[in-house]
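**Student:**
There are 2 protein chains.
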Amino acid sequence: MLTGDKISFRDVKNEILGRIHAREWPPGSLMPGEIELAEEFGCARATVNRAMRELAEEGIIDRKRKAGTRVNIAPVRHAKFEIPLVRTEIESLGASYRYAFISRSIDLAPDWLRARICLGPDDQVLHIECMHYANNAPFQFEDRWINITAAPKSMTADFSAISPNEWLVAELPFSEAEISFSASAVDERLARFLSMYHGEPHFLSERVTWLKDLPITFAQMSYGRGYRMTTRY
Amino acid sequence: MLTGDKISFRDVKNEILGRIHAREWPPGSLMPGEIELAEEFGCARATVNRAMRELAEEGIIDRKRKAGTRVNIAPVRHAKFEIPLVRTEIESLGASYRYAFISRSIDLAPDWLRARICLGPDDQVLHIECMHYANNAPFQFEDRWINITAAPKSMTADFSAISPNEWLVAELPFSEAEISFSASAVDERLARFLSMYHGEPHFLSERVTWLKDLPITFAQMSYGRGYRMTTRY
DNA sequence: CAGTGGTCTAGACCACACA
DNA sequence: GTGTGGTCTAGACCACTGC
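Sequence order for the protein chains is A and B.
Mapping to our numbering: the first sequence position 81 is 81, numbers consecutive.
In short: position in the second sequence from 1, add 1000, done, that's our numbering.
#1: Using a Cβ-Cβ cutoff of 8 Å, what residues of the stretch 1065-1099 of chain B are near chain A? List them in chain order.
#2: Count the C-beta pairs between the stretch 54-74 of chain A and the stretch 86-100 of chain A that are closer than 8 Å, then say yes if the count reaches three, no if not.
#3: Check the Cβ-Cβ distances between residue 1215 of chain B and every residue of chain A, and say whether any is below 7 Å.
#4: Which residue wins for smallest C-alpha separation from residue 1167 of chain B, given the options B/1179, B/1191, B/1153?
#5: If you reduce the DSSP assignment to three classes, tell me which class residue 1211 of chain B lands in.
#6: What does residue 231 of chain A reach in chain B if we use C-beta pairs closer than 8 Å?
#7: In the stretch 1109-1175 of chain B, which residue ranges form an unbroken beta strand (DSSP E) of at least 3 residues, counting only runs that do not cross its ends?
#8: From this set, A/114, A/89, A/121, which residue's C-alpha is nearest residue 135 of chain A's C-alpha?
#9: Find out if the Cβ-Cβ distance for the pair residue 1074 of chain B, residue 93 of chain A is shorter than 7 Å.
#10: My output table needs one value for residue 1062 of chain B: the three-state DSSP class, helix, strand or coil.
#11: Which whole-angstrom value describes the C-beta separation of residue 28 of chain A and residue 70 of chain A, a residue pair presumed to lie in contact below a C-beta threshold of 8 Å?
#12: Counting only the same chain and skipping the five closest in sequence on each side, list residues whose C-beta sits under 7 Å from that of residue 25 of chain A.
#13: Based on Cα-Cα distance, which residue from A/133, A/111, A/87, A/141 lies nearest to residue 235 of chain A?
#14: Which bits of chain B does residue 184 of chain A rub up against, with CB to CB less than 8 Å?
#15: Taking only beta-carbon positions, decide if residue 1021 of chain B is within less than 7 Å of chain A.
#16: Taking all protein chains shown into account, decide if residue 107 of chain A is buried (16 or more other Cβ within 10 angstroms of its Cβ) or exposed.
#17: Given this structure, state the Cα-to-Cα distance separating residue 33 of chain A from residue 1121 of chain B, to the nearest angstrom.
#18: Which of the residues in the stretch 150-178 of chain A, read from start to end, lie with their CB under 7 Å from any CB of chain B?
#19: Using a C-beta cutoff of 7 Å, does residue 45 of chain A count as contacting chain B?
#20: Just the C-alpha distance for residue 1117 of chain B and residue 1087 of chain B, rounded to the nearest angstrom, thanks.
#21: What does residue 228 of chain A reach in chain B if we use C-beta pairs closer than 7 Å?
#22: Among residues of its own chain, excluding the 5 on either side of residue 227 of chain A, which ones have a beta-carbon nearer than 7 Å to its beta-carbon?
#23: Counting only the same chain and skipping the five closest in sequence on each side, list residues whose C-beta sits under 6 Å from that of residue 1160 of chain B.
#24: If contacts are defined as beta-carbon pairs under 8 Å, then residue 1232 of chain B and residue 177 of chain A qualify, I think. What distance do you get, rounded to the angstrom?
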C-alpha cells in the first residue's frame, strides 16, 4: 500500500475500496470513524476525510453526521457524460466539421413550447434549424428555439455563419440545464436531411437551459444513423 | 458574499463563478494564483484550492502546475446520470416492479461476444434473458451474458427468482464499466416481449463491466416505448 | 447532549512544467 | 531553475442528528 514515504488520500481510498470489495466491510455495515482510520493508516484525519468524501461522491458509501459511515447496499453508480460542442465532438472523432444553416424565423412561442419551458403567452422566440456534418456526412440536425426576452442579442447574431449551439455557449452563460435522451422515428422531412429512411430509429437529445429561472433555450438534436453515446466509469 | 464570519469554499466558488460569468475573467484568460486569491478573500490557500479544484472537476476552469489556472473557452459540460438497479428505477417512478425470467443457457462464447469483451475461444458464458415490468407493463428486456470464468458462482444462482442485474450488483464488485446508449429498431421477437411493433424505435443501453482487466459481464437492455433518460446539471 | 462528519487554518514539502 | 498547483499535517471549531 505504500507508494512513497507519506500516505496519500489515494492510498487510503484504494485500501478502503479493497476492504469493501473483500467484504471486510460488507454492504450496509458501519465503517470505523475517521479518527480511528487515521490512526490505523498513520495519517491525518483530513487525508482520510478526503478519501471518504470522494467515495461518498461516487456513491460507494453513505455518510451522516453522528450516525457514521456505511457501505452502500446498492451503490448508485453515476455515469458521467461529456456534453461538448457538436463541432468539438466531430473533430475529436478525427472528422472534418461543416455547418449548414437551414432556416430562421421569429414567432410567438407555440403552445407546446410555452408549456415545455414555461413561457408567457406573448413571449417571442427565435427559431433556427441547421445541420452539422462530419466528413460531409449528416451527423446531427439541430432544431433550436431561443427565448428572445432572455437573449435579445440573439436577434442580431449571424446564424448563417455560426451555429446557435456555438453562439450560445460563447455568449450566454447558463446556471442550469436539463438534458434528456430518447429514441424516436425520423419523420419524412428529417429523413431527407439525415439521409435516412422515413420511420428509421434515431437518437434524440433534448436540452433546456435556464439562467436563474429564466428559460433561455430549448433544442432538439437528432443524430444520424448509428450514433452512440459512450462513457466509462 | 459573506454568509457567516468565516469564508467558505462555497463562497469562494460562487464569487469566482460570478466573475467568470461577468466576463471579469474572460474565457481563455489567466486567473490569479491561489495565494493571491486567498489574500484577497481573506482565507487560507487550502480553501481557495478546494473551490478551484471543484471548478476544475466540473470543467469550468483548467489548471496546470507552473502555467496557472485558465478559464475554459468551451467549458466541457458534464452530465451525470444515475445508473440504478432497474427495480429501483421502476420503484422510484412510483410503479410496482415485477421480474420475469425467460431463459438460461450455457454456451461457448459466440464470436461477436468474444470480440466485444475480449474472451478466449474456449471461454464459456452463461446467457440469461429476462423481463422487467412496471405496473405490469413491459419496461425493459434484459439480455445478459456472464463470463463463467470470472463468476463461477453465477452457475448456482437461481435466476428465476432474482434478476442477473440484481445478483451481480450484490455478489460481484467491478472496477470498471463501459456503458453506451443508442437507438435501434426492435426485431420481431423483442417486439412481442415489449408489446411494440416490429421495427419500432427503442432505446438501447449496452454495458460491459470488468474486474481488473477480467471481463465479467455484457448486457443489452432494451427499453419499452417512450423511455427517456433525463438529468439536470 | 454527545459523537461524527464538515470545514477552515497555517504551515510545509513536493512534483511538474515552463523558461 | 523557479513558480504554480497538489497534497499532507496538526489542530481547531462548527453543525447536524441520533440517542
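Cβ atoms here follow ideal geometry from the backbone N, Cα and C, with glycine treated the same way.
In this text the structure is predicted, and so the values were computed from the model without any measurement.
**Tutor:** With the given structure in hand:
#1: Taken in chain order, the members of the stretch 1065-1099 of chain B whose beta-carbon sits within less than 8 Å of a beta-carbon on chain A are 1074, 1075, 1076, 1077, 1078, 1079, 1080, 1081, 1082, 1083, 1084, 1085, 1088.
#2: In short, these stretches do not touch, since the Cβ pair count stays below three.
#3: Taking the second sequence and counting its residues from 1, the one referred to as residue 1215 of chain B is at position 215. Chain A, which has no Cβ nearer than 7 Å to the Cβ of residue 1215 of chain B, makes this no.
#4: Within the second sequence, the letter at position 167 stands for residue 1167 of chain B. Residue 1167 of chain B has its Cα closest to that of B/1153, out of B/1179, B/1191, B/1153.
#5: Here the question's residue 1211 of chain B lines up with position 211 in the second sequence. DSSP places residue 1211 of chain B in the strand class (E or B) of the three-state scheme.
#6: Here residue 231 of chain A refers to the residue found at position 231 when the first sequence is read from its first residue. Going along chain B in sequence order, the residues near residue 231 of chain A (Cβ under 8 Å) are 1178, 1179, 1180.
#7: Counting only runs of 3 or more, we get 1124-1134, 1137-1147.
#8: Mapped onto the first sequence, residue 135 of chain A falls at position 135. Comparing alpha-carbon positions, the option among A/114, A/89, A/121 lying closest to residue 135 of chain A turns out to be A/89.
#9: Walking along the second sequence from the start, residue 1074 of chain B turns up at place 74. Walking along the first sequence from the start, residue 93 of chain A turns up at place 93. No, the pair does not count as a contact, with Cβ atoms beyond the cut-off.
#10: Taking the first residue of the second sequence as 1, we reach residue 1062 of chain B at position 62. Residue 1062 of chain B falls in the strand class under three-state DSSP.
#11: Looking up residue 28 of chain A in the first sequence gives position 28. Looking up residue 70 of chain A in the first sequence gives position 70. So it is a contact: roughly 6 Å between Cβ atoms.
#12: The sequence position of residue 25 of chain A within the first sequence is 25, counting from 1. Here residue 25 of chain A has 19, 31, 71 as same chain residues with Cβ atoms under 7 Å from its own Cβ, once five neighbours each way along the sequence are excluded.
#13: Residue numbering for chain A in the displayed model covers 1 to 233; residue 235 of chain A lies beyond these limits and cannot be assessed.
#14: By one-based count along the first sequence, residue 184 of chain A stands at place 184. Residues of chain B whose Cβ lies closer than 8 Å to the Cβ of residue 184 of chain A are, in chain order, 1183, 1201.
#15: The residue you call residue 1021 of chain B lines up with position 21 of the second sequence. Interface residue, yes.
#16: For this step, residue 107 of chain A is matched to residue 107 along the first sequence. Residue 107 of chain A comes out exposed.
#17: Here residue 33 of chain A is taken as the residue at index 33 of the first sequence, counted from 1. Here residue 1121 of chain B is taken as the residue at index 121 of the second sequence, counted from 1. Distance between the alpha carbons of residue 33 of chain A and residue 1121 of chain B is about 48 Å.
#18: The residues in question are 169, 173, 176, 177, 178.
#19: Sequence index remark: in the first sequence, residue 45 of chain A carries index 45 (1-based). False, the Cβ-Cβ gap to chain B never drops below 7 Å.
#20: Looking up residue 1117 of chain B in the second sequence gives position 117. Looking up residue 1087 of chain B in the second sequence gives position 87. When only Cα atoms are considered, residue 1117 of chain B and residue 1087 of chain B end up about 26 Å apart.
#21: By one-based count along the first sequence, residue 228 of chain A stands at place 228. Within chain B, the residues placing a beta-carbon under 7 Å from that of residue 228 of chain A are 1180, 1181, 1182, ordered along the chain.
#22: Locating residue 227 of chain A in the first sequence gives position 227, where the first residue counts as 1. Non-local beta-carbon contacts of residue 227 of chain A in its own chain, meaning distances under 7 Å to residues more than five positions away in sequence, involve 203 in chain order.
#23: As a first step, residue 1160 of chain B must be located in the second sequence, where it is residue number 160. Around residue 1160 of chain B: 1101.
#24: As a working mapping, residue 1232 of chain B is identified with position 232 in the second sequence. As a working mapping, residue 177 of chain A is identified with position 177 in the first sequence. Indeed they touch by this definition, with Cβ atoms about 7 Å apart.
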